[in-house]
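In the numbering used here, the protein residues as written are 8 to 303.
Note that the Cβ used here is the ideal one computed from N, Cα and C, for glycine as well.
These numbers were taken from a predicted model, which means no experiment stands behind them.
Put into structure tokens, the structure is as follows:
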């Protein structure tokens, strides 16, 4: 592609962002046929398919690369064109973060930035083992992840370690683990899982008991709700010390495997886009995370 067709890129980005050609057309204030035409011209120029016409439409690998490029350029353009009081000039920045970080230290990191209203943030939650894929695809500017692999064009900064303990309510432990957390007991006791991607419980069970098979489990994709369900005795599960430390001290929760825990190192990955807001966002995230997380 010799020259970048930004009208075509805007159409491509809108179709993927809104999930359909007609919604993209409405967002761009053009007809649906104009959206299709711009994307066809972009594909002709690129010499390959950029979008799979599925429901919803999905980008090809080449299409995702172009979308990532377009979003980075837009971020820079908005930073350069920003005029005080101009709501249309406020950039939208997306970040991806794991739910436990969002429930503990993220608000403190973002408060100085969001109170000004100079930028609109899209905060996307996913498991810490999977947020990096959003960065690779250009769907987010930065992400908190447990992965260390670097994506070309990005920087990686260690944040610290989130330490998880395997906990349960005293009544739950007495009923399901009268002889301690054994391989036999974990095959019967219900576990709390965050979602299908959540492997913390599986990893800790294998580490502590040697058992790596199936086990009964509940699923609740809410960090705060997860804590409440464990406290209520619906299941046992892995909680970061930031969410269970007080309950352990007060005896509302007990540690099922004293002296053992699971450490998850967290990293901040971000595209090399230097604007005043992205620098402030990155600096605040790094400083706040390092205050909350264990530094090794």
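Across the structure, residue 79 and residue 148 are spaced so that their CA atoms are roughly 8 Å apart. Under DSSP, the beta-bridge partners assigned to residue 173 are 245. Per DSSP, residue 26 lies in no alpha helix (DSSP H) segment and is marked neither H nor E. DSSP places residue 136 outside any beta strand (DSSP E), giving it a letter other than H or E. For the alpha helix (DSSP H) assignment, the uninterrupted runs of no fewer than 4 residues enclosed by the region 247-301 are, from N- to C-terminal side, 248-257, 283-299. Put simply, of 248, 219, 111 the residue whose alpha carbon is nearest the alpha carbon of residue 192 is 219. Between the region 164-177 and the region 234-248 there are three or more C-beta pairs closer than 8 Å, enough to call the two in contact. With respect to the 8 Å criterion, residue 233 and residue 199 are classified as neighbours on the basis of their beta carbons.
Burial state of residue 11 is exposed, judged by a 10 Å Cβ sphere holding fewer than 16 other Cβ atoms. In this chain, residue 104 is not harboured by any alpha helix (DSSP H); it is covered by the beta strand (DSSP E) spanning 99-104. Residue 296 places its beta carbon less than 8 Å from that of residue 112. Residue 34 is positioned such that its CB atom lies no closer than 8 Å to that of residue 53. DSSP places residue 11 in the coil class of the three-state scheme, outside both helix and strand.
At a Cβ-Cβ threshold of 8 Å, residue 15 and residue 74 do not count as neighbours. Cβ atoms of residue 300 and residue 167 come within 8 Å of each other, at about 3 Å. Scanning the region 207-242 from its first residue to its last, the whole beta strand (DSSP E) runs of 3-plus residues come out as 224-226.
Where residue 199 is concerned, the enclosing beta strand (DSSP E) starts and stops at 198-200.
Residue 46 is positioned such that its CB atom lies no closer than 8 Å to that of residue 56. Around the C-beta of residue 152, 16 or more other C-beta atoms lie within 10 Å, and the residue is accordingly described as buried. Contact between residue 277 and residue 165 is absent: CB atoms are separated by about 13 Å, not below the 8 Å threshold. Note that the C-beta distance between residue 209 and residue 188 is not below 8 Å. A straight line joining the alpha-carbon of residue 207 with that of residue 104 spans about 16 Å. The continuous alpha helix (DSSP H) containing residue 193 extends over residues 190-193. Annotated three-state conformation of residue 111 is helix, per DSSP.
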